[in-house]
Amino acid sequence: MMNILINGVQAVLFDLDGVIVDSEPLHVKALDLTCRHFGFELLPEDIVRFKGVTEKQAARYFFNGSEQAASKIEEFIAFKSRLYTKSIVQELELIEGAVDFINFCRASGWRIGLTTSALPENVERVLQKFQLATCFEAIVSGGEVTHSKPHPEPYLKTAKKLDIEPQHCLVIEDSINGVRSGKSAGCRVIGITTTFAADELHAAGADFVVNSFADIRPS
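Numbering (the numbering used here), first residue to last: 184 to 402.
Here it is in structure tokens:
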């Protein structure tokens, strides 16, 4: 199945959070502290609800119906971003096998792209911390698209930057919205179970689901 899936692939497009870096615990911690600051309680069901969504989508949930929603949403995002940015330097770690797989893809002659909903400044900090900036020929972050995942725009834009048709792109995603984005763009998608369970990723449309990068390399 894996060999069939990668046949004809010209580019591999990676998500960042949950695929290359283990950022989910840090996002949850920053979101919890932000909610407390603004007088909200982050419930366990909220943590599940916000997996794979943008910071603006999360903020809108809490300020829904507020007369000052627009300004409060921006304040919420900025506050949470400051907390998360600090944690990038101090606590963020790589997903096991991610860098080795990126190097494997480059050695195999595949073009490499990064498609993330993260804020551009946080993307830059992460890539600098782990010295990955030169690995990606095309980067599309949350600040560059009108429609975020699960809309196809993020992956369509990355493929266009690489000048490769989406059907020749292989997407690596950990979230339901990410899988749906890649599939609706016409890409092949591998789901990795760092954030969601295998059955959830399959239900979202993933062509193949793995537990780690060690499971992806073709035989």
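Virtual Cβ for every residue (Gly too), placed ideally from N, Cα, C.
Close-in-space but distant-in-sequence residues of the same chain around residue i (CB under 6 Å, 5 per side omitted)
{"i": "I399", "result": "V393"}
{"i": "I322", "result": "L297"}
{"i": "K344", "result": "A321"}
Distance between residue j and residue i (C-alpha atoms, nearest Å)
{"i": "K212", "j": "G369", "result": "34 Å"}
{"i": "A194", "j": "E276", "result": "25 Å"}
{"i": "Y244", "j": "E224", "result": "12 Å"}
{"i": "G191", "j": "H351", "result": "6 Å"}
{"i": "V306", "j": "S324", "result": "7 Å"}
{"i": "F287", "j": "K255", "result": "44 Å"}
{"i": "A316", "j": "F284", "result": "15 Å"}
{"i": "H210", "j": "V202", "result": "14 Å"}
{"i": "L216", "j": "Y267", "result": "10 Å"}
{"i": "H330", "j": "I359", "result": "16 Å"}
{"i": "P227", "j": "F233", "result": "10 Å"}
{"i": "V231", "j": "I347", "result": "34 Å"}
{"i": "F262", "j": "V328", "result": "22 Å"}
{"i": "R265", "j": "D229", "result": "21 Å"}
Same chain only: Cβ atoms within 7 Å of residue i, ignoring 5 sequence neighbours per side
{"i": "K366", "result": "V372, G388"}
{"i": "I260", "result": "E238, K239, A242"}
{"i": "S411", "result": "Residue numbering for the chain in the displayed model covers 184 to 402; residue 411 lies beyond these limits and cannot be assessed."}
{"i": "G361", "result": "D198, G235, K332"}
{"i": "I271", "result": "N305, R308, V309, K312"}
{"i": "A301", "result": "L199, D200, S324, G325"}
{"i": "K269", "result": "none"}
{"i": "P349", "result": "Y338, L339, A342, A368, G369, C370"}
Spatial neighbours of residue i in its chain, beta-carbon cut-off 8 Å, leaving aside the 5 residues before and after
{"i": "V204", "result": "L275, E276, L277, I278, A281, V309, F313"}
{"i": "R289", "result": "I295, C318"}
{"i": "A252", "result": "R243, F246"}
{"i": "S395", "result": "E279, G280, I375"}
{"i": "P303", "result": "S324, G325, G326, E327"}
{"i": "E383", "result": "I359"}
{"i": "H385", "result": "G374, V392"}
With 16 other Cβ atoms within 10 Å as the buried cut-off, status of residue i
{"i": "G326", "result": "exposed"}
{"i": "G292", "result": "exposed"}
{"i": "E356", "result": "buried"}
{"i": "A459", "result": "What is shown of the chain runs 184 to 402, which leaves residue 459 out entirely."}
{"i": "T299", "result": "buried"}
{"i": "D390", "result": "buried"}
{"i": "L196", "result": "buried"}
{"i": "P208", "result": "exposed"}
Candidates the options, of which the one nearest residue i by Cα
{"i": "E258", "options": "L214, L384, V231, P227", "result": "L214"}
{"i": "S206", "options": "A386, E383, Q273, D229", "result": "Q273"}
Any C-beta of chain B under 8 Å from that of residue i
{"i": "H334", "result": "Looking for chain B here will not work: only one protein chain is present."}
Would the region 216-224 and the region 370-383 be scored as touching if the rule is three or more Cβ pairs under 8 Å?
no
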